[in-house]
Amino acid sequence: MSQKPKSRGRAGTQAERGSGGEEAPSTSRGPGGAASQGGRRAEAPPAPGPRSQKQLELKVAELVQFLLIKDQRKIPIRRTDILRHVVGDYKDVLPELLRRAAERLEYVFGYRLVELEPRSNTYILVNTLEPVEEDAEMRGDQGTPTTGLLMIVLGLIFMKGNSIKETEVWDFLRRLGVHATKKHLIFGDPKKLITEDFVRQRYLEYRRIPHTDPVDYELQWGPRTNLETSKMKVLKFVAKVHNQDPKDWPAQYCEALAEEEARARPQTGGTAPTPAPSS
Numbered sequence: 001m002s003q004k005p006k007s008r009g010r011a012g013t014q015a016e017r018g019s020g021g022e023e024a025p026s027t028s029r030g031p032g033g034a035a036s037q038g039g040r041r042a043e044a045p046p047a048p049g050p051r052s053q054k055q056l057e058l059k060v061a062e063l064v065q066f067l068l069i070k071d072q073r074k075i076p077i078r079r080t081d082i083l084r085h086v087v088g089d090y091k092d093v094l095p096e097l098l099r100r101a102a103e104r105l106e107y108v109f110g111y112r113l114v115e116l117e118p119r120s121n122t123y124i125l126v127n128t129l130e131p132v133e134e135d136a137e138m139r140g141d142q143g144t145p146t147t148g149l150l151m152i153v154l155g156l157i158f159m160k161g162n163s164i165k166e167t168e169v170w171d172f173l174r175r176l177g178v179h180a181t182k183k184h185l186i187f188g189d190p191k192k193l194i195t196e197d198f199v200r201q202r203y204l205e206y207r208r209i210p211h212t213d214p215v216d217y218e219l220q221w222g223p224r225t226n227l228e229t230s231k232m233k234v235l236k237f238v239a240k241v242h243n244q245d246p247k248d249w250p251a252q253y254c255e256a257l258a259e260e261e262a263r264a265r266p267q268t269g270g271t272a273p274t275p276a277p278s279s
């Protein structure tokens with residue numbers, strides 16, 4: 001699990017600016033609060049109210065993009081840069097933003113957000129995902145892992161009964177900042193990656209659902225997935241994302257366990273595959 005970056009309490013770094021008169025948060029001054037004169041109290045920034053989930057998600061997506069871009073140079077990312085370029089007036093919820101961004105970085109992109117040293121306020125991204133295969137094609141043109149996205153799609157398929165509508169996949173991925181119609185910093189064209197590249201690599205099968213209006217498609221596991229991973233491994237991945245135990249999904253757990261037991265049985269009485277007749 002990603003290390004939760006430590007946040008420092010806000011010190012009284014904003015002093016009064018000349019005679020402008022904006023009230024700074026009370027720190028060590030007496031109860032008089034002499035900085036408020038001439039009826040300018042109304043111009044003091046109000047205490048921020050609770051943000052909506054949509055507002056937080058947008059800010060988290062922005063933070064994730066910023067961290068990924070900065071990491072391309074492999075230079076430690078400074079907290080001051082995060083505050084200046086991304087956080088803005090969301091400083092009061094910075095720990096929550098960092099926590100959500102760290103989770104998304106790990107489970108979607110395969111990076112762990114790590115603070116270099118205690119109280120250093122500098123961070124790096126550490127690649128933690130083991131690719132499903134060693135083929136460099138799985139890591140994309142830029143050498144960045146796409147395994148996390150594939151595992152999420154495989155998990156969605158398994159949890160939905162081994163088949164899922166494409167529209168449901170995009171409804172879920174949209175909450176992670178991955179859109180079918182928008183170019184992505186890491187994945188490039190996500191729709192092409194999922195519905196063409198993963199299909200061509202035989203990790204997924206992509207079929208039109210008959211008699212649907214508007215036209216919809218479904219996704220299932222491909223033969224390569226069944227060879228290189230298992231339902232139990234994918235279920236454990238899903239459980240890790242949700243911070244739960246695989247047994248919390250009894251139907252899927254029983255199905256995955258049955259597959260594990262079937263794979264463990266020695267193959268007896270099998271016949272060698274018959275070669276195709278030559279023409």
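Sequential numbering from 1 applies to the sequence shown in my numbering. Using N, Cα and C, we set each Cβ at its ideal position, and we do this for glycine too.
{"Asked": "Secondary structure of I75, DSSP reduced to three states", "Found": "coil"}
{"Asked": "Inter-residue CB distance, L149 and L68 (contact presumed, cutoff 8 Å)", "Found": "Not a contact, Cβ separation roughly 13 Å."}
{"Asked": "Residue burial classification, P214 (beta-carbon count within 10 angstroms, cutoff 16)", "Found": "exposed"}
{"Asked": "Heavy atom of the ligand GDP within 7 Å of N121 beta-carbon", "Found": "Looking for the ligand GDP in the displayed structure turns up nothing, as the structure carries no ligands at all."}
{"Asked": "Bridge partner(s) assigned by DSSP for Y253", "Found": "None, per the DSSP bridge assignment."}
{"Asked": "For V114, three-class secondary structure by DSSP", "Found": "strand"}
{"Asked": "A262, buried or exposed, once every other Cβ within 10 Å from all chains shown has been counted against 16", "Found": "exposed"}
{"Asked": "Reduced DSSP secondary structure (H/G/I, E/B, other) of L98", "Found": "helix"}
{"Asked": "Residue(s) in a DSSP beta bridge with W221", "Found": "L204"}
{"Asked": "Of the listed residues L98, R79, A258, nearest to S120 (C-alpha basis)", "Found": "R79"}
{"Asked": "Residue range of the unbroken alpha helix (DSSP H) whose run includes T167", "Found": "166-174"}
{"Asked": "Contact between the region 242-255 and the region 169-187 (3+ Cβ pairs under 8 Å)", "Found": "no"}
{"Asked": "Distance between L105 and A61 (C-alpha atoms, nearest Å)", "Found": "10 Å"}
{"Asked": "Cut-off 8 Å between Cβ atoms - residues of its own chain near V169, not counting five sequence neighbours on either side", "Found": "V153, L156, I194, L219"}
{"Asked": "Sub-8 Å separation of Q201 and R224 beta-carbons", "Found": "yes"}
{"Asked": "Chain-order list of residues whose beta-carbon lies under 6 Å from that of I82 (same chain, five-residue window excluded)", "Found": "none"}
{"Asked": "Bounding residues of the alpha helix (DSSP H) (the contiguous stretch that carries N126)", "Found": "The identity of residue 126 in the sequence shown is Val, whereas the question assumes Asn. From DSSP, V126 is part of no alpha helix (DSSP H) but of the beta strand (DSSP E) over 122-127."}
{"Asked": "Among M151, E205, V126, R100, nearest to E166 - alpha-carbon criterion", "Found": "E205"}
{"Asked": "Residues of its chain near L56, where Cβ-Cβ distance is below 8 Å and the 5 sequence neighbours each way are ignored", "Found": "V93, E96, L97, R100"}
{"Asked": "From H211, I209, A180, P210, residue whose alpha carbon lies closest to that of E196", "Found": "A180"}
{"Asked": "I209 vs Y217 beta-carbon contact at 8 Å", "Found": "yes"}
{"Asked": "Same chain, Cβ closer than 8 Å to L116, five either side skipped, listed in chain order", "Found": "P76, T122, Y123, I124"}
{"Asked": "Nonlocal neighbours in the same chain, by C-beta distance under 8 Å from F187, ignoring five residues either side", "Found": "G140, T146, L149, V178, L193"}
{"Asked": "Alpha helix (DSSP H) segment containing I157, residue limits", "Found": "147-159"}
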